[in-house]
Amino acid sequence: MPLKFHRLWLPLLLFVCHLLADVPQCFHFTWVGAYENHSNIIAETCNSRVGDFNDIPCEEPLVVTPDDTVPDVKALWQNATEDRENFLCQMSPGRSCVKYSYIFKGGIQNITYMCANVNNSNGCYRQTHATGMVVEACVCTSQVGLIPCNGGSNSQISGATGLALCLLGLYQWLNK
């Protein structure tokens, strides 16, 4: 009888250990927005795109979409043939998933998805500049085995204080 017990519990124990070893993930890339010549994206880097503006988040790989629309991260997550590991980072203690968007006249100009140290809890924070550009930073915590939370589109608008804390954390992380 003990032999049958081990036959049943050993695989279950190994499976549970595998689940515990996994860590939540975040999407990790920059969608550059409308881009005229898609074949040129291969030569682009974050340094060439943001230059001296270190406070603008950018994460490689840089991504374009065939019709210049926001990437379908749900399809990316579910596509087993795509090497989605290139578009993911693992959360670690003290880090959160962030979706950082630039919006102008209601249209999303670009989005950076990343893992980052932030000094704030989950939620979205917006700041509108005098030019009309809206910067939105959404912070969340992913769950093991589920689609990364920074692929979501729901936003809750909070005050400039939350955005300032989030930007401070991002700035510190980018300038390590």
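Quick note, the sequence shown lines up with residues -21 to -1, 1 to 155 if you use mature numbering (1 follows the signal peptide of the UniProt record, and there is no 0).
The beta-carbon is built from N, C-alpha and C at its ideal position, and this holds for glycine as well.
**Asked** What do you reckon, are the CB atoms on N101 and V118 nearer than 7 Å?
**Response** Contact: yes.
**Message:** Could you compute how far the alpha carbon of P40 sits from the alpha carbon of V123?
**Reply:** A direct Cα-to-Cα measurement between P40 and V123 gives close to 23 Å.
**Unbroken beta strand (DSSP E) run spanning C68, endpoints** = Taken as a continuous stretch (DSSP letters only), the beta strand (DSSP E) holding C68 covers 67 to 69.
**Inside the region 6 to 43 only - beta strand (DSSP E) runs reaching at least 3 residues** = Runs found: 8 to 10.
**Asked** Taking buried to mean at least 16 other C-beta atoms within 10 Å of its own C-beta, is T110 buried or exposed?
**Response** Within a 10 Å sphere around the beta-carbon of T110 sit fewer than 16 other beta-carbons, which makes this residue exposed.
**Prompt:** When the Cα atoms are used, what is the spatial distance from M70 to I82?
**Reply:** If you take the alpha carbons of M70 and I82, they lie about 26 Å apart.
**Request:** Please classify S18: is it buried, with 16 or more other beta-carbons within 10 angstroms of its beta-carbon, or exposed?
**Result:** That one is exposed.
**Request:** Run the CB neighbour count on E38, radius 10 Å, all protein chains shown included, and call it buried at 16 or more, exposed below.
**Result:** Around the beta carbon of E38, 16 or more other beta carbons sit within 10 angstroms, so the residue counts as buried.
**Message:** Give me the DSSP bridge partner(s) of E64.
**Reply:** Its beta-bridge partners do not exist; DSSP assigns none.
**Prompt:** Which same chain residues, not among the five before or five after residue 204, have their C-beta less than 8 Å away from its C-beta?
**Reply:** As shown, the chain starts at -21 and ends at 155. That puts residue 204 outside it, with no answer to give.
**Request:** Confirm, please, whether the CB-CB distance from T24 to T91 is below 7 Å.
**Result:** Their beta carbons are not under 7 Å apart, which means T91 does not touch T24 by this criterion.
**Message:** Please tell me whether C128 and C94 are closer than 7 Å, where the distance is taken between their beta carbons.
**Reply:** If you check the CB distance, C128 and C94 do not come in under 7 Å.
**Message:** Using CA atoms only, rank isn't needed, just tell me which of I126, G131, N16 is closest to P3.
**Reply:** Measuring from the Cα of P3, the nearest candidate turns out to be I126.
**Item:** A116, enclosing beta strand (DSSP E) - first and last residue
**Value:** For A116, the uninterrupted beta strand (DSSP E) segment begins and ends at 112 to 119.
**Asked** For F6, which of E64, N16, D46 has the nearest alpha-carbon?
**Response** Among E64, N16, D46, the Cα nearest to that of F6 is on E64.
**Message:** Quick check on the burial criterion: 16 or more other C-beta atoms within 10 angstroms. Buried or exposed for A(-1)?
**Reply:** Because the pLDDT of A(-1) is 45, which lies under 50, any placement of that residue in the model is unreliable, and the number read from its coordinates should be weighed accordingly. Exposed, since its Cβ has fewer than 16 Cβ neighbours within 10 Å.
**Asked** Comparing alpha-carbon positions, which option in D34, H108, V52 lies nearest V42?
**Response** In this structure, V52 is the residue among D34, H108, V52 with its C-alpha nearest to the C-alpha of V42.
**Request:** Keeping to the same chain, check which residues put their C-beta closer than 6 Å to that of G85; ignore five residues upstream and five downstream.
**Result:** Once the five neighbours on either side are set aside, G85 has no close Cβ partner at all.
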